[in-house]
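Residue numbers (our numbering): 801 to 1021.
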């Protein structure tokens, strides 16, 4: 795994290529998580809460649990963000010069392109993310589950549901609802919903280059 050679807690997160780096939410991110938790506390019949084990997602999930009660967060490493290899921890403006080969792979549109330094291809991320959600489905058939994860993972889930790649930003603590039927049909019911942030004035980006973590709420039928 590459070392975060250019990373500093004083650097704005939006300037850093984060990937698997295990950094924490900042104060804005915590405010956004609290707004999301208050919203989800009004959602009926949530049966379980799963989360990536990276701190920024896990803290969001634990904030939801603290507000909603009655749950324990189930950690799943397969819900982690995409591993970005040698470009992790670098500043965007420096990455092309510091690690040109890895940066070209990171910027490639090829879904089978792995990133030097232990990084994943988009296809590898897709397999990991969709397999994780399918395992969750098998455990909670007919139930509503909250999954706290990252922008790359959510893009992969969108690709599974729509058979195409998502273009655009995955907004911080956005709610994305995917219905998964018993015959393994995935249908997007809501996407990029941040009404809870607009109501509280916390809609600015609080964490990370992908504006994550965000939430997938699979309704498993």
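The beta carbon of each residue, even a glycine, is placed where N, CA and C say it ideally should be.
All of these numbers come straight from a predicted model, not from anything done at the bench.
Start-to-end residues for the beta strand (DSSP E) that takes in residue i
i, result
"residue 855", "Looking at the DSSP string, residue 855 is not in any beta strand (DSSP E); the run it does join, the alpha helix (DSSP H), is 855–868."
"residue 975", "975–980"
"residue 873", "873–875"
Pair within 7 Å by beta-carbon distance, residue i and residue j
i, j, result
"residue 917", "residue 886", "yes"
"residue 914", "residue 851", "no"
"residue 841", "residue 996", "no"
"residue 861", "residue 846", "no"
"residue 821", "residue 869", "no"
"residue 965", "residue 959", "yes"
"residue 793", "residue 974", "The question about residue 793 has no answer, for the chain in this structure spans 801 to 1021."
Three-way DSSP call (helix, strand, coil) for residue i in this model
i, result
"residue 949", "strand"
"residue 939", "helix"
"residue 994", "coil"
"residue 891", "strand"
"residue 786", "With the chain represented from 801 up to 1021, any question about residue 786 goes unanswered, as that position is not in the structure."
"residue 944", "strand"
"residue 987", "strand"
Proximity test, residue i beta-carbon vs the ligand MN heavy atom, cut-off 6 Å
i, result
"residue 989", "The ligand MN is not among the ligands present in this structure, which contains no ligands whatsoever."
For residue j and residue i, the rounded distance between their alpha carbons
i, j, result
"residue 819", "residue 984", "29 Å"
"residue 962", "residue 989", "12 Å"
"residue 872", "residue 837", "14 Å"
"residue 881", "residue 829", "17 Å"
"residue 931", "residue 955", "14 Å"
"residue 953", "residue 867", "25 Å"
"residue 825", "residue 815", "15 Å"
"residue 939", "residue 823", "30 Å"
"residue 899", "residue 909", "18 Å"
"residue 976", "residue 843", "14 Å"
Own chain, CB closer than 8 Å to residue i, minus 5 neighbours either side, in chain order
i, result
"residue 858", "851, 852, 873, 875 and 948"
"residue 863", "830, 833, 834, 836 and 837"
"residue 1035", "A query on residue 1035 cannot be resolved here, the shown segment of the chain reaching from 801 to 1021 and no further."
"residue 906", "817, 884, 885, 887, 895, 915 and 919"
7 Å Cβ shell around residue i - same chain, five flanking residues per side excluded
i, result
"residue 922", "911"
Residue range of the alpha helix (DSSP H) that includes residue i
i, result
"residue 847", "Not the alpha helix (DSSP H): residue 847 falls in the beta strand (DSSP E), residues 846–851."
"residue 831", "827–840"
"residue 900", "900–907"
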